[in-house]
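Visitor: The number in the working numbering is simply the position in the sequence shown, starting from 1, with 144 added. For each residue, glycine too, the CB sits at the ideal point set by N, CA and C. Just so it is clear, the structure is predicted and the values come from calculations on it, not from any experiment.
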Amino acid sequence: MALVIPTIEGLAPYEGGKPIEELARELGITDAVKLASNENPLGPSPRALEAAARVVADSHRYPDGAAYGLRAKLAAKHGVSMEEVLLGAGSNELLDLAVRVFCTRDSHIVFADPAFVVYRIAALTCGVPFTAVPLTAELRHDLPAMAAAVTPQTRLMFVANPNNPTGTHVGRAAVEKLLREVPPEVIIVMDEAYLEYADAPDYPDSLELRGLRERLLVLRTFSKIYGLAAFRVGYAVGPKQLIDYMNRVRAPFNVSTLAQAAATAALDDQAHVQSARELNARERARVSAALRGLGLTVAPSQANFVLVDLQRPARPVYDALLKKGVIVRPFASLPTSLRVTLGTERENDRFLNALTEVLS
Ligand SMILES: *Cc1c(COP(=O)(O)O)cnc(C)c1O
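#1: Quick check on Ala371: buried or exposed, where buried means 16 or more other Cβ atoms within 10 Å of its Cβ?
#2: In terms of alpha-carbon separation, which member of Ala146, Thr441, Arg426, Arg191 lies closest to Asp413?
#3: What is the DSSP secondary structure of Phe274, counted as helix, strand or coil?
#4: Flag this pair as yes or no: are the beta carbons of Ala373 and Ala304 separated by less than 7 Å?
#5: How would you label Leu171, buried or exposed, when you count the other beta carbons within 10 angstroms and need 16 or more for buried?
#6: Determine the direct distance from the alpha carbon of Ala201 to that of Leu478, and round the result to whole angstroms.
#7: For Ala168, which of Leu386, Lys178, Gly160 has the nearest alpha-carbon?
#8: Quick check: the Cα distance between Val148 and Glu320, rounded to an integer number of angstroms?
#9: Can you check whether the CB of Val262 is closer than 7 Å to the CB of Asn236?
#10: Are the CB atoms of Leu486 and Asn391 nearer to each other than 7 Å?
#11: Between the Cα of Pro383 and the Cα atoms of Leu363, Pro396, Phe375, which residue gives the shortest distance?
#12: Check whether the Cβ of Phe260 sits closer than 6 Å to any heavy atom of ligand 1, and report yes or no.
#13: Along the chain, where does the beta strand (DSSP E) containing Met226 start, and where does it finish?
#14: In terms of residue numbering, what span does the beta strand (DSSP E) encompassing Arg376 cover?
#15: Below 8 Å on the Cβ atoms is my guess for Val381 versus Val245; work out the distance and round it to an integer in Å.
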């Protein structure tokens, strides 16, 4: 008998943005700028760090497995009950958990292509068949096509809004239609990791659309605008029944004491969130315009990164940028494009200058 199922045999490990330390080891570059993992260039709120520091001496104790304080705070923030909130070690864990809890190898999953690669990894890990529905020509989720891809076996649909790696969003009317029209047995997972960055008038907060559908899970994270990626904390809001099943299967103590403390304090520093949102909106407009000024195509972004189409093989440009100490993100599925996280003004200038040099 095979050691693993064929889909795990064919799986490549998740490859994140190149760490600054790795570039230092490989090329001896010590002043690199990392614009590769959609991290907050302002860092975490100082209040989050102070809160984590206050509990570090308790590190011999297991965390509160129920994460009472943080869950209560999130429930209050969103006007739901605590039984409708589940924490994860990043929303990554919750994506994976959704597949493990609700799917078997006889099920089927629908997501977009390209979208967040974790959807595919989670499906392959559990050997669950899936349909990856191409984005539209404007690089948006094709929600009608995704609805049409649903079969009687479909148990899950993942929708990243805004999407990663494109930064594009789908509007309220299309999301409402999806939530209403997809058969009720399908669990729709709205992955809103970048929600706080979205400012388009038609961008929907799907927590406001919960009335349209019972089987809806909304995922949020502290990794992006809250600047707490290293702590690994995200959460799901959904109906009690779904949250209860996921809670039975999640690892005990999946969110560390430090992460719970930092996230709880971060929620109280909305001024920090607002600064990050404003910086990002300014830089998103400026960097997008500068790239278009170079004759390049930029997908309309509602997130904290832009996808730029270089109209030539992107890998050599990625490598040349690395040599200049600028780390961005290439994607095998988008061979002429690079995803560039929006940093501080100085970091973005460094990227724009390096790119201009590389392209000339
Ligand atoms: C970054 C990201 C996440 C969040 O990952 P964490 O595990 O919470 O760090 C989830 N979904 C998408 C689409 C993302 O880009």
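Guide: Short version:
#1: Position 227 of the sequence shown, counting from 1, holds the residue named residue 371. Rather than Ala, the amino acid found at residue 371 in this sequence is Gly. Gly371 is buried by the Cβ-count criterion.
#2: For the purposes of this step, residue 413 is taken as residue 269 along the sequence shown, with counting starting at 1. Among Ala146, Thr441, Arg426, Arg191, the Cα nearest to that of Asp413 belongs to Arg191.
#3: Taking the sequence shown and counting its residues from 1, the one referred to as residue 274 is at position 130. Phe274 falls in the strand class under three-state DSSP.
#4: Walking along the sequence shown from the start, residue 373 turns up at place 229. Walking along the sequence shown from the start, residue 304 turns up at place 160. No. Outside cutoff.
#5: By 1-based counting over the sequence shown, the position of residue 171 is 27. Flag for Leu171 reads exposed.
#6: Mapped onto the sequence shown, residue 478 falls at position 334. Mapped onto the sequence shown, residue 201 falls at position 57. Going from the Cα of Leu478 to the Cα of Ala201 covers about 46 Å.
#7: By one-based count along the sequence shown, residue 168 stands at place 24. Cα-wise, what sits closest to Ala168 is Lys178.
#8: Along the sequence shown, read from residue 1 onward, the residue named residue 148 stands at position 4. Along the sequence shown, read from residue 1 onward, the residue named residue 320 stands at position 176. The alpha-carbon atoms of Val148 and Glu320 are separated by roughly 40 Å.
#9: As a position in the sequence shown, residue 236 is number 92, starting the count at 1. As a position in the sequence shown, residue 262 is number 118, starting the count at 1. Yes. Within cutoff.
#10: By one-based count along the sequence shown, residue 486 stands at place 342. By one-based count along the sequence shown, residue 391 stands at place 247. Taking 7 Å as the Cβ cut-off, Leu486 and Asn391 do not qualify as a contacting pair.
#11: Taking the first residue of the sequence shown as 1, we reach residue 383 at position 239. Checking every option, the nearest Cα to that of Pro383 belongs to Leu363.
#12: Position 116 of the sequence shown, counted from the first residue, corresponds to residue 260. Checking the Cβ of Phe260 against ligand 1 gives yes.
#13: Reading the sequence shown from its first residue, position 82 is the one you call residue 226. Neither: Met226 is in no beta strand (DSSP E) and is coded neither H nor E.
#14: For the purposes of this step, residue 376 is taken as the residue at position 232 of the sequence shown. Element bounds for Arg376: n/a, residue is neither H nor E.
#15: Within the sequence shown, numbered from 1, the residue matching residue 381 stands at position 237. Within the sequence shown, numbered from 1, the residue matching residue 245 stands at position 101. Wrong, their Cβ atoms sit about 16 Å apart, outside the cutoff.
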